[in-house]
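*Asks:* This is the structure I have questions about; it appears just below.
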Amino acid sequence: MSRYASVYASWRENPEGFWAEAAKAIDWIKPPSRIFDAQAGVYGRWFPDATCNACANALDRHVAAGRGDQVALYYDSPVTATKRQITYRELLSEVETLAAVIAGFGVGKGDLVVIYMPMIPEAIAGMLACARIGAVHSVVFGGFAAKELATRIEDAEPKLILAASCGIEPGRVVQYKPLLDTALDLSRHKPKACLMFQRPQAAAAMTPGRDHDWAESVARAAGQRVAPVECQATDPLYILYTSGTTGVPKGVVRDIGGYLVALAWSMENIYGLKPGETFWTASDIGWVVGHSYIVYGPLIHGCASVLYEGKPVGTPDPGAFWRVIGEYKVSAFFTAPTALRAVRKEDPEAKHLQRYDISALRTLFLAGERADPDTVAWAERVVGRPIVDHWWQTETGWAIAANPVGLGLMPIKRGSPTVAMPGYQVDIVDEACRPVVDGVMGSIVIKLPLPPGCLPTLYRADERMRESYLAEFPGYYKTSDAGLKDADGYLTILGRTDDIINVAGHRLSTGGMEEVVAGHPDVAECAVLGIKDAIKGEQPCGFLVLKAGVSRANDVIEKEVVALVRDRIGPVAAFKLAIVVARLPKTRSGKILRGTMKKIADADAWTIPATIEDVGALEEVAAAIRARGL
Ligand code: COA
Ligand code: AMP
Numbered sequence: 254m255s256r257y258a259s260v261y262a263s264w265r266e267n268p269e270g271f272w273a274e275a276a277k278a279i280d281w282i283k284p285p286s287r288i289f290d291a292q293a294g295v296y297g298r299w300f301p302d303a304t305c306n307a308c309a310n311a312l313d314r315h316v317a318a319g320r321g322d323q324v325a326l327y328y329d330s331p332v333t334a335t336k337r338q339i340t341y342r343e344l345l346s347e348v349e350t351l352a353a354v355i356a357g358f359g360v361g362k363g364d365l366v367v368i369y370m371p372m373i374p375e376a377i378a379g380m381l382a383c384a385r386i387g388a389v390h391s392v393v394f395g396g397f398a399a400k401e402l403a404t405r406i407e408d409a410e411p412k413l414i415l416a417a418s419c420g421i422e423p424g425r426v427v428q429y430k431p432l433l434d435t436a437l438d439l440s441r442h443k444p445k446a447c448l449m450f451q452r453p454q455a456a457a458a459m460t461p462g463r464d465h466d467w468a469e470s471v472a473r474a475a476g477q478r479v480a481p482v483e484c485q486a487t488d489p490l491y492i493l494y495t496s497g498t499t500g501v502p503k504g505v506v507r508d509i510g511g512y513l514v515a516l517a518w519s520m521e522n523i524y525g526l527k528p529g530e531t532f533w534t535a536s537d538i539g540w541v542v543g544h545s546y547i548v549y550g551p552l553i554h555g556c557a558s559v560l561y562e563g564k565p566v567g568t569p570d571p572g573a574f575w576r577v578i579g580e581y582k583v584s585a586f587f588t589a590p591t592a593l594r595a596v597r598k599e600d601p602e603a604k605h606l607q608r609y610d611i612s613a614l615r616t617l618f619l620a621g622e623r624a625d626p627d628t629v630a631w632a633e634r635v636v637g638r639p640i641v642d643h644w645w646q647t648e649t650g651w652a653i654a655a656n657p658v659g660l661g662l663m664p665i666k667r668g669s670p671t672v673a674m675p676g677y678q679v680d681i682v683d684e685a686c687r688p689v690v691d692g693v694m695g696s697i698v699i700k701l702p703l704p705p706g707c708l709p710t711l712y713r714a715d716e717r718m719r720e721s722y723l724a725e726f727p728g729y730y731k732t733s734d735a736g737l738k739d740a741d742g743y744l745t746i747l748g749r750t751d752d753i754i755n756v757a758g759h760r761l762s763t764g765g766m767e768e769v770v771a772g773h774p775d776v777a778e779c780a781v782l783g784i785k786d787a788i789k790g791e792q793p794c795g796f797l798v799l800k801a802g803v804s805r806a807n808d809v810i811e812k813e814v815v816a817l818v819r820d821r822i823g824p825v826a827a828f829k830l831a832i833v834v835a836r837l838p839k840t841r842s843g844k845i846l847r848g849t850m851k852k853i854a855d856a857d858a859w860t861i862p863a864t865i866e867d868v869g870a871l872e873e874v875a876a877a878i879r880a881r882g883l
């Protein structure tokens, strides 16, 4: 029997008491005497008078408690044929020295540091070193283009950038340094210094006066130690930019104390892990999943975390997941459904799994996009463990809805991420913010206040925080997901209500892509939609109307548009489909009929909307889609 119902009820009865109890898992410098201040911040602040340090909670306290020789990080990089085990003591020592180096650049409490690094241990050391001195890190995913990096640098205004010379994608070395240099040319804000980690696969040309060599700087600082700095629990730990509904990303702020408390609670109760066990999250430190469950969650809980620089397939084969689980005795594994679909496509009977001993594995967790029941059923069959879907967002930092394994597994309903976690009152409402009845679809909202760990605000943008999340449904946080709840409280997440799409578990804004496409000199008008993809869940597809008088071949322009999106947003956008059409179908009030176009492209049933301006335009689009064999 799961203890979920009684634990959730105990939170409902006494939220502050619940979080005060959870807060005992954290080593505070000054423990909270107040748990929540409803008057502070945009919607209130957690642990307003407490002080602590995130790095001390992730490292120092475990070394002090005798875990120094336990592995903290298993770095496994099939793309560079490298493996490294780093103990808590070693990681602490590395972080202490790096913190001295970073402080040496004049970076202190509250200063911003952008981290543009691939999945290597130094990136994690960089994050923790910032946390140690109270600096605020902002990690930018390596698959973004220079322009996206520039937007983030301009918004964050970092004092320092930590970067590496390259990332490795199967079959190609992604040179980070030219991207960084271009980003710094584009950005109005120029940090004084960049600390560059040179990887053997590519040497970065250094800009004298600005760029500093990582290894040399660390060598010079050898033996230096920086003590963890006392921070307010409400101070920011990091800023993580995520796609908004325009090309301008949102800087999600994560405060320190609430995040530590929420992650510690989740490690035990959602993931069901004990200190000393191994947790592997196959994501990237550039995403929230990586922040929470490659870096902070496992380390705060005294677990070993796997840092995997590779893909589910092709590095070298679809047995990669099972190899890593076997090799490091992974107890809980977390990935995105898209990755399982990729494995299934190449190895439908999971023959590769037979080569490995995955007996340590208890649970496989999924998030990032809807876990389709077919993929879940396949994974249950081949892995033979509970496949636990859970739903959350960059904004929340940890699961809104999950099947809390540590409280006892609840019955799994495939296609549902199960139930709301303590801290979250999840309601389904109509446009007038009235709760709908069970089983009816509506907007998914969370009653304020959000629990510890969730964003208190957007970086230097309280008003955007209010407008984006709090204005539409008074008293609630708007998740921008649509869905429903059944009579048992199980949620189903059906998709976004805004222009955000999920491509291979990556969150992208079609509005942002439209801004880029519209910038092509021959494009008069465009619409970018997320259409179904068998592996990635969704893929973007752009429909373009050319300016009058453009005589160049359509296919040439389509290729240019594809290249433009890759250049401006990055390869991760996976924008590979651009289709020139004569007109875009619209309503009489001029709105593009995106929903109907999507249904046609997805080969779903569709009808001609009553409000359509010109039926011919819709038929032309349908013909263009059919011509592409979509
Ligand atoms: N740096 C540079 N480029 C990157 C990158 C990075 N860190 N990550 C991805 N890219 C590139 C890829 O090389 C690819 O480029 P291409 O168009 O030249 O092939 C493009 O971005 C798209 O990448 P991706 O979406 O990862 O697709 P893929 O075809 O390479 O792999 C999967 C498909 C399903 C195997 C892969 O998407 C996957 O493992 N996804 C897991 C999802 C995940 O971790 N989500 C995070 C949230 S939980
Ligand atoms: P991100 O901020 O990148 O984590 O993306 C958050 C969005 O991904 C959510 O708003 C959902 O649309 C989607 N998402 C994440 N997890 C799930 C899930 N388990 N089921 C359905 N959608 C999900």
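Residues in the sequence shown are numbered from 254 upward in steps of one, following this note's numbering. Just so it is clear, CB atoms sit at the ideal spot from N, CA and C, and this is done for glycine as well.
1) Cα-Cα, which of Arg819, Thr763, Ala307, Gly790 is closest to Phe796?
2) Which first and last residues belong to the alpha helix (DSSP H) in which Thr460 is found?
3) Would you give the residue range spanned by the alpha helix (DSSP H) that Cys794 belongs to?
4) Expressed to the nearest angstrom, what Euclidean distance is found between the alpha-carbon atoms of Ala468 and Asp715?
5) Check whether the stretch 610–629 and the stretch 668–683 touch, using three or more Cβ-Cβ pairs below 8 Å as the test.
6) Less than 7 Å separating the Cβ of Leu584 from some heavy atom of the ligand AMP?
7) Any heavy atom of the ligand AMP closer than 7 Å to the CB of Trp631?
8) Output the residue ranges of the beta strand (DSSP E) runs that lie fully inside the stretch 338–400 and measure 3 residues or longer, sorted by chain position.
9) Would Val316 and Tyr341 qualify as a contact pair, given that the criterion is a beta-carbon distance under 8 Å?
10) Do the CB positions of Gly706 and Trp651 come within less than 8 Å of each other?
11) Ile861 to Ser842, Cα distance in whole Å?
12) Between the beta-carbon of Thr534 and the beta-carbon of Ile547, is there less than 8 Å?
13) Runs of 4 residues minimum, wholly inside the stretch 434–521: which ones carry the alpha helix (DSSP H) assignment?
14) Based on DSSP bridge pairs, tell me the residues matched to Trp533.
15) In terms of residue numbering, what span does the beta strand (DSSP E) encompassing Thr568 cover?
16) I need the DSSP call for Cys779, collapsed to helix, strand or coil.
17) At which residues does the alpha helix (DSSP H) containing Ala858 begin and terminate?
18) Hey, would you say Arg634 sits closer than 8 Å to Arg615, going by beta carbons?
19) To the nearest angstrom, report how far apart Ala458 and Ala376 are at their CA atoms.
20) By the 10 Å Cβ neighbour count, where 16 or more other Cβ atoms means buried, how is Ser558 classified, buried or exposed?
21) Would you say the beta carbon of His643 is closer than 7 Å to some non-hydrogen atom of the ligand COA?
22) Classify Pro890 as helix, strand or coil using the three-state DSSP reduction.
23) Return yes when the C-beta of Phe394 is under 7 Å from any heavy atom of the ligand COA, and no when it is not.
24) With 16 other CB atoms within 10 Å as the buried threshold, where does Glu266 fall?
25) Counting along the chain, where does the alpha helix (DSSP H) carrying Leu312 start and finish?
26) Where do the ends of the beta strand (DSSP E) carrying Leu237 lie?
27) Is the distance from the Cβ of Ile492 to the Cβ of Ala436 below 8 Å?
*Replies:* So, from the data block:
1) As a first step, residue 796 must be located in the sequence shown, where it is residue number 543. That would be Thr763, whose Cα lies nearest to the Cα of Phe796.
2) Stepping through the sequence shown from its first residue, residue 460 is reached at position 207. Neither: Thr460 is in no alpha helix (DSSP H) and is coded neither H nor E.
3) Stepping through the sequence shown from its first residue, residue 794 is reached at position 541. DSSP places Cys794 in no alpha helix (DSSP H) but in the uninterrupted beta strand (DSSP E) bounded by 790–799.
4) Looking up residue 468 in the sequence shown gives position 215. Looking up residue 715 in the sequence shown gives position 462. Between Ala468 and Asp715, the C-alpha separation is close to 39 Å.
5) yes
6) Along the sequence shown, read from residue 1 onward, the residue named residue 584 stands at position 331. Here residue 584 turns out to be Ser, not Leu, going by the sequence shown. It does not: the Cβ of Ser584 is nowhere closer than 7 Å to a heavy atom of the ligand AMP.
7) Here residue 631 refers to the residue found at position 378 of the sequence shown. No, since every heavy atom of the ligand AMP falls outside the 7 Å radius drawn around the Cβ of Trp631.
8) 365–369, 389–392
9) As a first step, residue 316 must be located in the sequence shown, where it is residue number 63. As a first step, residue 341 must be located in the sequence shown, where it is residue number 88. Yes, the pair counts as a contact, with Cβ atoms nearer than the cut-off.
10) Here residue 706 corresponds to residue number 453 of the sequence shown, with the count starting at 1. Here residue 651 corresponds to residue number 398 of the sequence shown, with the count starting at 1. Closer than 8 Å, so yes.
11) Stepping through the sequence shown from its first residue, residue 861 is reached at position 608. Stepping through the sequence shown from its first residue, residue 842 is reached at position 589. So the alpha carbons of these two residues sit roughly 16 Å apart.
12) Translated into the one-based positions of the sequence shown, residue 534 becomes position 281. Translated into the one-based positions of the sequence shown, residue 547 becomes position 294. Contact: yes.
13) 467–473
14) One-based indexing of the sequence shown puts residue 533 at position 280. Val559, Phe586, per the DSSP bridge assignment.
15) Indexing the sequence shown from 1 puts residue 568 at position 315. Taken as a continuous stretch (DSSP letters only), Thr568 belongs to no beta strand (DSSP E), as it is neither H nor E.
16) One-based indexing of the sequence shown puts residue 779 at position 526. Three-state DSSP puts Cys779 in a strand.
17) For the purposes of this step, residue 858 is taken as the residue at position 605 of the sequence shown. No alpha helix (DSSP H) contains Ala858, which DSSP labels as neither H nor E.
18) Numbered from its first residue, the sequence shown carries residue 634 at position 381. Numbered from its first residue, the sequence shown carries residue 615 at position 362. Contact: no.
19) Within the sequence shown, numbered from 1, the residue matching residue 458 stands at position 205. Within the sequence shown, numbered from 1, the residue matching residue 376 stands at position 123. The alpha-carbon atoms of Ala458 and Ala376 are separated by roughly 20 Å.
20) On the sequence shown, position 305 is the one that residue 558 refers to. Of the residues assessed, Ser558 falls on the buried side of the cut-off, its CB having 16 or more other CB atoms within 10 angstroms.
21) To locate residue 643, count along the sequence shown from 1; it is residue 390. For the ligand COA, not one heavy atom lies less than 7 Å from the Cβ of His643.
22) Here the chain has residues from 254 to 883 only, and residue 890 is not among them.
23) Locating residue 394 in the sequence shown gives position 141, counting from the first residue. Because some heavy atom of the ligand COA lies under 7 Å away, the Cβ of Phe394 counts as near it: yes.
24) One-based indexing of the sequence shown puts residue 266 at position 13. By the 10 Å Cβ count, Glu266 comes out exposed.
25) On the sequence shown, residue 312 is found 59 positions in, with the first residue counted as 1. Taken as a continuous stretch (DSSP letters only), Leu312 belongs to no alpha helix (DSSP H), as it is neither H nor E.
26) Because the chain is modelled from 254 through 883, residue 237 falls outside the range shown and cannot be assessed.
27) Counting from 1 along the sequence shown, the entry for residue 492 is found at position 239. Counting from 1 along the sequence shown, the entry for residue 436 is found at position 183. Not closer than 8 Å, so no.
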